[in-house]
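Okay, so here's the structure we're looking at.
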Ligand code: FRU
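See the structure below:
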């Protein structure tokens, strides 16, 4: 099964080990999440670094690479946890540089350096040089050398920092520092509490609903039946006083989470003022295991949670409201149902007795017992057994289930339980007893799926001559649908190619090129029945292209409709296809199957006929098949050269209305160096192409539609919006696509010529 246990909505490492979330902030239109990362070692042996993810909406995340490495003596044994402060034009970061001296030390009282290190960045990726702003000599005498995890805020011109620490007599505590600038942090006091363990990690200090909260992760607290059931804890004190804190002002320590997998949370404020918490959905030194370690990666972060305050001052955690935008209509569960992960399950009217099972994880509660239990009825817990909460009344239960995790929100988020679980299949059994239960599929719909040919274009060593005069051809992966995917992914979007390749080295070249561009190739199939398609091209003196296709048949043509599965289109934003694969062979029916599924799922269907007459003995068959597919698409992209063949008229006024057949809501007409126009029911709009000197137009049309679709998606425009999307917005997308294309035509080849978003910033086009 593809991507077994890979999460859909949660941040997880591309490979290797992940622990604490770090440096959470919103900057320059994006949410930034950094994390403790040990690449290459799924069990965390390699030295910690900071990996980096970004997202425009906290739902779909993009991995941006490692941003901080242990490369100075002050952090040589680990770039440990820390935080970020986002300013108007830069981000400042504070983290612990971990140093383990060589020698015979206990590493508690001696042998360990814990430096607070400062770096800054103007884009969230490229870091300034590092500066140690506190070292062991800057901590109070009563501290051991375990001091770490600076959480810094900047308020009214003052930096405030909390650090987690262990005293020399093995008590956990939090240290408070303040400074007018990052070089002048001064110690302001410390806070500890009785029976709260030997070390406090990952502190956080924030305000919520007019109150103050000190959160931290104590280690070494005695475990109890209903409290502190994990090995290490994570929770908070509410207080009304000011720093340094006084113990008298506190009530009980409240746990953030009662599940198996939760630790080291951090909070930050979203631009709309919401306080968001993200935790590590894992825990150090735990007794249970995660089977993904054998597959090359381990752990993930929790979904972002919105914090608010209950009437008694306790924190309520609610699933991020953005999740509502990816919820499919609900289905009632009466007794038993099957549902594909990820989904949300909601029980209201919990009455006296409730039992809800998601595959092997069962949640039960009864008023008589007054206990809510999460337990495993099979081995999907991989060593996880039971977690319990004392609960007199149950008013609501919301479960967010991803491919390998459950987050259970109880009584409006007053209690939360987070756990990993490892069901064998993505479709799981749900059983609900004693509550009114609904299940909602959660689908991100962020992937561009293209179906059709992927082939090797052979580029001649000489142009301006006859085909037979060419003495060498160099291979380049191509095929219009594959190019479109590559453009979309190079811009940072998710894309997936559906095709079939031969089990031959050329198939491998295509897969490799697409992988490098970030395209999901895991649904490409391979056959021995035919070879990968090849296309040799030459350019004669008069500029005519002569193609010689090796497709008699090729592997892609033999792709069967039965090979198209719902899985491939599950998260589909738009399905894109062209006409080269619509000949009289199985691939044509595979297109039909894909279009049907995409339409059913509410995805945009995008069609670029991309005429290749030399592949058709009979042009009328080509025209016929175009009109067979055209009414089922939402976006039609054609070039001015194709207009007459498809509509039978060269007059734009007459042709365009004809193209609004069936579901078509947006027609894009490309006109080479004259730019492009778009037509929707509201009218039309033109976009000029930047004046550049084109050196190679291979794959330019694909660059255009790939970047256009990416631009639409980045503005959140779905199928329902296409017909009434303001023309000014469509123009923005056209302008973007024209600029993208103009950069591509100044470079050679198709896929290699497509710029990334970052590259576009510095290029003319
Ligand atoms: C918490 C923690 C932090 C430390 C980091 C190292 O899980 O131990 O205290 O900074 O992990 O990865």
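Numbering (the working numbering), first residue to last: 32 to 796. All C-beta atoms in this analysis are idealised placements derived from N, C-alpha and C, irrespective of residue type, glycine included.
- Cα atoms of residue 755 and residue 641: separation of roughly 26 Å, rounded to the nearest angstrom.
- Under DSSP, residue 143 shares a beta bridge with 131.
- Around the beta carbon of residue 751, a 10 Å sphere encloses fewer than 16 other beta carbons of the protein chains shown; the residue is thus reported as exposed.
- Beta-bridge analysis with DSSP links residue 622 to no other residue.
- When DSSP reads this structure, residue 298 sits in a beta bridge with 308.
- Of the candidates 94, 111, 615, 359, the residue whose Cα lies closest to the Cα of residue 100 is 111.
- Counting the other CB atoms within 10 Å of its CB gives residue 514 a total of 16 or more, which places it among the buried residues.
- Per DSSP, reduced to three states, the secondary structure at residue 68 is strand.
- For residue 744, no beta strand (DSSP E) segment is defined; the enclosing uninterrupted segment is the alpha helix (DSSP H) at 731-745.
- Taking 9 Å as the cut-off, the beta carbon of residue 691 is found no closer than this to the beta carbon of residue 660.
- Relative to ligand 1, the beta carbon of residue 449 is positioned no closer than 8 Å to any heavy atom.
- Under the 8 Å Cβ criterion, the stretch 36-46 counts as touching the stretch 431-441, having at least three qualifying pairs.
- Cβ atoms of residue 488 and residue 507 come within 8 Å of each other, at about 5 Å.
- In the structure shown, residue 210 falls within a strand segment according to DSSP collapsed to helix, strand and coil.
- Between ligand 1 and the CB of residue 36, the shortest heavy atom gap is not smaller than 8 Å.
- Proximity of the beta carbon of residue 315 to ligand 1 is indicated: a heavy atom of the ligand is located closer than 8 Å.
- Only residues of its own chain outside the window of five on either side were considered, and among them 578, 580 have a CB closer than 8 Å to the CB of residue 645, listed in chain order.
- Nearest Cα to residue 610 within the set 596, 553, 669, 219: 669.
- Residues of the same chain with a CB within less than 7 Å of the CB of residue 228, apart from the 5 flanking positions on each side, are 203, 249, 250, 251, 252 in chain order.
- Per DSSP, the unbroken alpha helix (DSSP H) holding residue 684 starts and ends at 683-690.
- Secondary structure of residue 468 (DSSP, three-state): strand.
- As a beta-bridge residue in DSSP terms, residue 189 pairs with 186.
- Separation of residue 285 and residue 734 (C-alpha to C-alpha, rounded to the nearest whole angstrom) is 54 Å.
- A distance of 9 Å or more separates the beta carbons of residue 589 and residue 608.
- DSSP places residue 538 in the uninterrupted alpha helix (DSSP H) bounded by 536-547.
- Residue 73 carries a coil assignment under DSSP once its states are collapsed to helix, strand and coil.
- For residue 40, there is no enclosing beta strand (DSSP E), as DSSP marks it with neither H nor E.
- Between residue 349 and residue 443, the gap from beta carbon to beta carbon is short of 9 Å.
- Per DSSP, the beta-bridge partners of residue 385 are 396.
- Judged by their CB atoms, residue 62 and residue 82 are not nearer to each other than the 9 Å cut-off.
- Between ligand 1 and the CB of residue 295, the shortest heavy atom gap is smaller than 8 Å.
- Residue 729 is not a Cβ neighbour of residue 773, given a cutoff of 9 Å.
- Of the heavy atoms belonging to ligand 1, none sits nearer than 8 Å to the Cβ of residue 777.
- Three or more beta-carbon pairs drawn from the stretch 374-387 and the stretch 466-484 are found closer than 8 Å, and the two stretches are therefore classed as touching.
- Ranked by Cα distance from residue 302, the options 243, 276, 89, 126 are led by 89.
- Residue 731 and residue 767 have their C-alpha atoms roughly 14 Å apart.
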